[in-house]
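Undergrad: One structure, pasted below without further comment.
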Amino acid sequence: MQTEIIFAGFGGQGVLFAGQVVAYAAMDNGLEVTWIPSYGPEMRGGTANCTVIVSDEEIGSPQVRYPTAVVAMNLPSLDKYEPLVKEGGYLIVNSSMVDRPVSRKEIHSVMVPGNEIAEGLGDKKMTNMVLLGALLANVPLLPLEAVEKSLREHLPEKHHRLLPLNYQALREGARFLAEKV
Amino acid sequence: MQTEIIFAGFGGQGVLFAGQVVAYAAMDNGLEVTWIPSYGPEMRGGTANCTVIVSDEEIGSPQVRYPTAVVAMNLPSLDKYEPLVKEGGYLIVNSSMVDRPVSRKEIHSVMVPGNEIAEGLGDKKMTNMVLLGALLANVPLLPLEAVEKSLREHLPEKHHRLLPLNYQALREGARFLAEKV
Amino acid sequence: MARELWKGNNAIAEAAVRAGCAAYFGYPITPQTELLEYMSARMPQLGRAFVQAESELAAINMVYGAACTGTRVMSSSSSPGVSLMMEGVSYIAGTEIPAVLVDVMRGGPGLGNIAPAQSDYNQIVHGGGHGDYNLIVLAPSSVQESVDLTVLAFDLAEKYRSICVVLLDGSIGQMMEPAEMPPFQPLRTEYPDWAVTGAKDRERRFLSSIYLDPPQEEAANLRMLRRWQEVQANEIRYKTYYMDDAKFAVIGFGSSGRVALSAVRAARAEGIPVGLLRPITLNPFPEKVVEDLAKQVEGILVVEMNSGQMLEDIRRIAKGAAPVEFFARLGGIMPLPDEILDEIHRLAKGPLTLEGHPRDRWLARMGTLN
Amino acid sequence: MARELWKGNNAIAEAAVRAGCAAYFGYPITPQTELLEYMSARMPQLGRAFVQAESELAAINMVYGAACTGTRVMSSSSSPGVSLMMEGVSYIAGTEIPAVLVDVMRGGPGLGNIAPAQSDYNQIVHGGGHGDYNLIVLAPSSVQESVDLTVLAFDLAEKYRSICVVLLDGSIGQMMEPAEMPPFQPLRTEYPDWAVTGAKDRERRFLSSIYLDPPQEEAANLRMLRRWQEVQANEIRYKTYYMDDAKFAVIGFGSSGRVALSAVRAARAEGIPVGLLRPITLNPFPEKVVEDLAKQVEGILVVEMNSGQMLEDIRRIAKGAAPVEFFARLGGIMPLPDEILDEIHRLAKGPLTLEGHPRDRWLARMGTLN
Amino acid sequence: MDTQEEVIVYARPDSLTKTNTHYCPGCTHGVAHHLIAEVIDEMGLRDRTIGVASVGCSVFAYNYMNFDFVQAPHGRAPAMATGVKRVFPDKVVLTYQGDGDLASIGMAEIVHAAARGENISVFFLNNANYGMTGGQMAPTTLPGQKTTSSPNGRDVETQGYPIRASELLATLDGASYVVRRSLHDPKNIRLAKKAIRTAFEVQLRGLGFSMVELLSTCPTNWEMTPQNSLKWLEEHMIPYYPLGDYKVNPAVAEIKG
Amino acid sequence: MDTQEEVIVYARPDSLTKTNTHYCPGCTHGVAHHLIAEVIDEMGLRDRTIGVASVGCSVFAYNYMNFDFVQAPHGRAPAMATGVKRVFPDKVVLTYQGDGDLASIGMAEIVHAAARGENISVFFLNNANYGMTGGQMAPTTLPGQKTTSSPNGRDVETQGYPIRASELLATLDGASYVVRRSLHDPKNIRLAKKAIRTAFEVQLRGLGFSMVELLSTCPTNWEMTPQNSLKWLEEHMIPYYPLGDYKVNPAVAEIKG
Amino acid sequence: MPPKGRIIVSDLYCKGCELCVGACPQAVIALNPERITAKGYHPASLFKDGCTGCGICAIVCPDAAITVYREDLRARRAIPAGA
Amino acid sequence: MPPKGRIIVSDLYCKGCELCVGACPQAVIALNPERITAKGYHPASLFKDGCTGCGICAIVCPDAAITVYREDLRARRAIPAGA
Ligand SMILES: Cc1ncc(C[n+]2csc(CCOP(=O)(O)OP(=O)(O)O)c2C)c(N)n1
Ligand SMILES: Cc1ncc(C[n+]2csc(CCOP(=O)(O)OP(=O)(O)O)c2C)c(N)n1
Ligand code: SF4
Ligand code: SF4
Ligand code: SF4
Ligand code: SF4
Ligand code: SF4
Ligand code: SF4
Ligand SMILES: [Mg+2]
Ligand SMILES: [Mg+2]
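Chains as they are written, first to last, in my numbering: chain L, 1 to 181; chain B, 1 to 181; chain W, 1 to 370; chain G, 1 to 370; chain A, 1 to 257; chain V, 1 to 257; chain E, 1 to 83; chain P, 1 to 83.
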């Protein structure tokens, strides 16, 4: 069983980190996992994305054309990846940064006002965790608790004061459930 | 028909130039010719040699193991090349720099006191021309006159005052004839 | 030691540290830079030598000097930087001393770009520097394999007094995967009997690549060639997948190989009897395996991220025993599994030919892509 | 123009001058230095550009700059110096601009020696720099051919916006032979439409090898590959001797080829039906000729002054159609006709095999030599 | 206000293309770009100038400057410029190089271009780090300065001392005009522009090698706001890299006077 | 005279091997060799010295100096020495380089070794041409000097000006001891030897980069007798390359005092 | 009375770096929080009167985003005093 | 009275360059035209008395071919004056 997730957004929206959190959790739960970023010259304001593949056997390609799930943090990402989500797959959209609905009907999609929720929690930087929470609640991959545990174990000590906020963001996001296809 | 000649001696004995003279003459007479030197880092006191091949068709290898003729200007050259002269070939030895006779009997050999003759002509640097004269007199390759003509044509103008001396040296050397095998 | 999530570049650096690398010399270049940055923190911590050189040219010559002491040393770079090392590589090879070089390839030629590519295969495998020499070349396809092969690289370099190159593309350098680190080896305190260490209580030694006298140079060349025969006899490594009953074979190294694995699995799921060969040692190349495989299968598909550099080696070894087809993406584009699956379909469907050049056919197909 | 006696290095320099070379950049290195020295006198005489660069690395980049102006430019060097040019060569190739490079090979690897060798075949023919690119490679075997191919090099470089390398060994550079010089071409006064000449009355232009976006780089790569197909179709050159009725073939380029000619003649004199193929373009390689020849003969002998670099290309192309044997001298030693004649005897006597590797058999035979 | 009664005090120079640069906000690479473009406009050199871009953040300079350009391998711009200039002695040839490019990997090429008195103008952007690759130590990184490859601050014992390129090149007879300026405030920017003009004058008069070193910021890798970067430059870089004229040949002095 | 009553004033140092060198008669490369060997003998460093030979006439220095040696690619000796020294900080590491090697192709490496304050000693033989390859122009060739690649005499307009390496390296903070001496007469040879000793002292005390530039002859390519070469050196080279101390760090000054 | 000036900041080029803001001697520039450029920056603009058209903002702007205008003083002189 | 010295020139190393000849303050060295070394050079040697063992020839000799001896002055002191 293999699950492929693409996290995409602007640089600075924390998409690479969100992917890493999944990767850590997958590893901690004995699964195979790959995390691969798009990388570019040191420039501001570009787009960033990463692909995370979780599997129970040796992983072949670390990239796929048609992923199981996409987390789209902004409009360009939605535009680029909506057509590529595998049939029956999942599209988690940060509706705060997007001014249109998802048009494909044969995929599970969910609009999460990530920025608003994060700002509500007092830290706009938590948007990625909100979206991640929504992803985990929808895609049968890893229990939220496993992800929280991994966060605790791998986040450097000096950032541990941020753990409760991260948990909260994950849980807030997890409340959003996609419509059944 | 192909004739291969190796000129060998100390650096400074003019072996490279002697070979070039043959090469020019061969070219001027419509033959194919190659002249190839041993070359080394800029060091004094080493040995120098060149191989000249004259032929009436496209020349293959510019080097041969068993040359038709060898001009040995000193003892190391004699030691190195005597065994290699082709059977029935020619060995022209500068006897001024050599303290032993030629031992092989199935080759034409001739001992020419090059240094003495050149010094007699007033210029030790003519030793190479003396030996070249002896070579030409023995090996059926090019008439002495052809070589003289080429010398005149290719020697840079500023050296032309040396032409008579060169001619004389060639002719002095040409007096030495090898024993028939 | 437990598995941890490592970025390829960092994992290689830590593996080198654990393998007893005493000195690192490098220069920043994407997509390799993290390796240098990791070393800039880690090596001084352990009291080991780290120098950010003024250039790759200087770096390889620092490696050359350090390698002459018989200790474990390495450098790392990416394509343009590696081109600057060619003279030094040739010197080190000609001096017959061990060194490890990591090459994280990117798109070229020229400045090109920083995306993953495999277009330096020929440069590394067939000698980008002057003169006759062979480098041992290891091509990992995952972070764990990068770790393991880095350690192996130090061992092989030492065993055969050779440069050993770990050759990967930018995607492996930038990717994170779980990996287990090797045990921590202590630094060497004794030096091999050829090493330059100061002539204390022994005859002086010197290390050089000069043999001004051609017969001596020839002898050195022959000595290296004979040593290479040993490498060929002992050190070939590769991995096969689903080859037992395969009627078709895909061959790809590094990232191409692992992308192909996904495609091969998908094809198997469709019932196509296709297998995969992933060469791990690119030099010495698994010639026998390819030869046998060419006799076993009805068609071979070579997949690379270059214009068919390994392809020519496969064609040479296959000697026409099986038709060879080719697929590649260039310029920093990684092929995706579905593209390779399409190619496997084409292969299985046939007809295949021994005539013409697979690169020409691929180029014709690419015409419609671009 | 009458024949004159020319030293190879000087002849190439004068040929370049006559071909309209407007700028020369180089660095001294034996056995190429006379070429630079000749240019140091000749170019300023004609009011053209001559710079003794601070290194080969600088020289190739001066060539790069000058080539961007669309004029005819060249550099020359020998093995270690050429290794220092690999980054620049890759850039020039990636920028798709013409330049001529003369490589007078010497013994290696490393500092090696200054005697003639052919051990940089792979470096020049299969890409010593990073990235996918092809150089046009011309291998003269005489002074006259060096002259002719130097002129051709400028033409081909321009025609295909490619680097064209004249690849010879030290013996040809140092040898004197009669040669006829080509007519004197005037310097270019008009510049091609891609050249950087100052944006006067036109849009600005730039020349670079960067394609940060992988699809653009892929497009550039494909463009170069397709141009290369044209080169393959139009520019293959070679010379055969006594092949019509040959049952055996010797293949050798440059000096090896001409030495082999002597041996082949000697063998013919003995009645052995042997011929010779001397590839002149090493890239593109005369593949079709070799393919046909492999079908014609009972055995092939490849002769090189390296450990069998072209040999692998012959084996690839021959596809097992004929057994291939190998002979070489290394490290700056030129083979002599009698050695090759011995090998032809061995070939004619047989038995020959398709199994094993010809290099291994040769190495075993060399064991008794050294 | 009626436009009839207005004058244009400043407008984007023609020698800049109409392209938004990829430089980070507030990066003074952009200031150097517009100064060069202004001088080229003012001197009317646009149609005979050939630029040589280097490898660094300014690798795409050829996209931004509106005249002919080539792009050199890392560090080799002076060699490439030599090639161009020797073919076209009448064109104006400039290189634009970062401190990693010029003072690290390209040290041999810049020294020799200067020694040869190569008649080119070099604009040398010193921002005390490798911007493009993400902020590693450069030869110009200050002692103690933290970068991604000097994580504990540059340790001069093992990582050496910064190189002052202008002072070094000034020792060469072939160098005619070598000065250091800074881009951190309007006054210094004006002085920088003057120096850029002088460099071109030197080239036009065939006086040989000219170089203007420009102290520049890298807000992104310094991890500071653009404004604070200017301050850091002033407070930390200038003391180590004093502004001034390091080599002014007598013939050049006449131009300036 | 009874040997019992004699003292040996001079004997060939142990740090030279018993090999006849390939140097041309009267070439002062040999003088530099025996001075280095003498100092190493006198300081008792033979068994912990590692030399780095370069490419030039001195490429075979490792055959003549009786201690461990490696041999660097053309110009790269300082990089190679860096590699050796970083592994073995307690060994004494020296490079021996010609002017083509150090000042032309190897300019970047020597500048950066100096800038890093690399704790090595560099012996730089300046003979104003490329000896090994047959006398081409070097960066140090004097204006107007004829060589095989400046057949009409070095034309500074197109071939540039000589580089004074000591002056150039002295601008670097990492350089602790940079001096120029000459090998043309007994007095200067003695001063050269002292400088060589100081260079090793600097290294032994960990004070960083040291270089002794030695003006040297090349009778063969200058086409002069050895004796006339010494004269030419004195009359033509020294005015262009003044002898003296270009950088002496305070800590080094103490050693000398 | 200082001359009157104004600036126009191009949305195409401005990256909201605030260097002009810091440099303006009259302190009349600020980023406009209301507007966003295509590249996602708040562009600079005059937020109050007082620009003298001194051009300093343009000199420091790394993106040559600012065009600076100043009233033509010759024109002013033509206008009767006190007007 | 200057001390007495002597030199021994090694045939293995001497290349007959004459630098010692030119440097000897006593002008007591010359090449020996009678002898030829294995390398083909006329080696240097003392051709008359007067060597003081000053060592200058050894200093300038590029081939470290010269060993210089000087009478032991302590020994001389031990000998009665006038001896
Ligand atoms: C041969 C080579 N080595 C390394 C690199 C990677 N590289 C690209 S830019 C750069 C540093 C640029 O720094 P600098 O010259 O200071 O320019 P900045 O970006 O700071 O303006 C490096 C090391 C390369 N492209 N080529
Ligand atoms: C990369 C490279 N380029 C060129 C050469 C050829 N080469 C050998 S020695 C030398 C010059 C040596 O001159 P210098 O350093 O002044 O030493 P000298 O012989 O004068 O003592 C050159 C150019 C080489 N070996 N390697
Ligand atoms: S990384 Fe630094 S130098 Fe590069 S554009 Fe950004 S701020 Fe400027
Ligand atoms: S060529 Fe010159 S430098 Fe070299 S050994 Fe001879 S005299 Fe000395
Ligand atoms: S300086 Fe330029 S880019 Fe920065 S905010 Fe002002 S107008 Fe915008
Ligand atoms: S022109 Fe002067 S006063 Fe007006 S906004 Fe710009 S800096 Fe301020
Ligand atoms: S200086 Fe030395 S080598 Fe020269 S002649 Fe005197 S002893 Fe012989
Ligand atoms: S020791 Fe002094 S006096 Fe004696 S030979 Fe030598 S230089 Fe002359
Ligand atoms: Mg920088
Ligand atoms: Mg020299």
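Every residue, glycine too, gets a C-beta built ideally from N, C-alpha and C.
Values in this document were obtained by computation on a predicted structure and should not be read as measured data.
Can you name, in chain order, every residue of its own chain whose Cβ lies under 8 Å from the Cβ of residue 186 of chain W, other than the five neighbours on each side?
TA: 20
Undergrad: State the beta-bridge partners of residue 30 of chain E as determined by DSSP.
TA: E:45
Undergrad: Going by the CB atoms, is the gap between residue 332 of chain W and residue 115 of chain W shorter than 8 Å?
TA: yes
Undergrad: In the DSSP assignment, find the beta strand (DSSP E) that holds residue 176 of chain W and state where it starts and stops.
TA: 176–180
Undergrad: Among residues of its own chain, excluding the 5 on either side of residue 140 of chain W, which ones have a beta-carbon nearer than 6 Å to its beta-carbon?
TA: If you ignore the 5 residues before and after residue 140 of chain W, its C-beta comes within less than 6 Å of the C-beta of 146, 149 and 168, all in its own chain and listed in chain order.
Undergrad: If contacts are defined as beta-carbon pairs under 8 Å, then residue 130 of chain A and residue 160 of chain A qualify, I think. What distance do you get, rounded to the angstrom?
TA: In fact, because the Cβ distance is near 15 Å, the residues do not count as touching under 8 Å.
Undergrad: Taking all protein chains shown into account, do 16 or more other C-beta atoms lie within 10 angstroms of the C-beta of residue 159 of chain L, making it buried, or fewer, making it exposed?
TA: exposed
Undergrad: Quick check on the DSSP output: the alpha helix (DSSP H) that includes residue 152 of chain V runs from which residue to which?
TA: Neither: residue 152 of chain V is in no alpha helix (DSSP H) and is coded neither H nor E.
Undergrad: With 16 as the cutoff for other CB atoms within 10 Å, does residue 124 of chain V come out buried or exposed?
TA: Flag for residue 124 of chain V reads buried.
Undergrad: Could you round the C-beta distance between residue 289 of chain G and residue 247 of chain G to whole angstroms and report it? I think they count as a contact, below 8 Å.
TA: No, residue 289 of chain G and residue 247 of chain G are not in contact; Cβ-Cβ is about 17 Å, not under 8 Å.
Undergrad: Comparing the CB of residue 32 of chain A with every heavy atom of ligand 9, is any distance shorter than 7 Å?
TA: no
Undergrad: So what does DSSP say about residue 8 of chain W, is it helix, strand or coil?
TA: helix
Undergrad: Are the beta-carbon atoms of residue 58 of chain W and residue 109 of chain V separated by less than 8 Å?
TA: yes
Undergrad: Cβ closer than 9 Å: which chain W residues qualify as neighbours of residue 19 of chain V?
TA: Result: empty, since nearest Cβ-Cβ is about 12 Å, beyond 9 Å.
Undergrad: Tell me, please, whether the segment 198–212 of chain V touches the segment 171–180 of chain V by the rule of three or more beta-carbon pairs shorter than 8 Å.
TA: yes
Undergrad: Report whether the distance from the Cβ of residue 52 of chain P to the nearest heavy atom of ligand 8 is below 7 Å.
TA: yes
Undergrad: Closest Cβ-Cβ distance between residue 34 of chain L and chain W: below 8 Å?
TA: yes
Undergrad: Taking a cut of 7 Å between CB atoms, which residues from the segment 106–125 of chain V lie near chain F?
TA: Judged by its chain identifiers, the structure shown contains no chain F, and its protein chains are L, B, W, G, A, V, E and P.
Undergrad: May I ask you to check if the CB of residue 115 of chain A is nearer than 7 Å to at least one heavy atom of ligand 10?
TA: no
Undergrad: With a threshold of 8 Å between beta-carbons, can residue 176 of chain V be considered close to chain G, or not?
TA: no
Undergrad: For a test of the three-state rule: what should DSSP assign to residue 164 of chain W, helix, strand or coil?
TA: strand
Undergrad: Do residue 72 of chain B and residue 66 of chain B have their CB atoms nearer than 8 Å?
TA: no
Undergrad: Which residues, taken in chain order from the segment 33–59 of chain P, show a beta carbon closer than 8 Å to some beta carbon of chain V?
TA: 39, 41, 53, 54, 55, 56, 58 and 59
Undergrad: What is the C-beta distance between residue 283 of chain G and residue 212 of chain W, in whole angstroms, given that I count them as a contact (C-beta under 8 Å)?
TA: Rounded, the Cβ-Cβ distance is 31 Å, inconsistent with contact.
Undergrad: Is residue 97 of chain V near residue 52 of chain G, with beta carbons less than 8 Å apart?
TA: no
Undergrad: With DSSP run on the structure shown, which of helix, strand or coil describes residue 194 of chain W?
TA: coil
Undergrad: In chain V, which residues lie with their C-beta within 8 Å of the C-beta of residue 66 of chain P?
TA: 10
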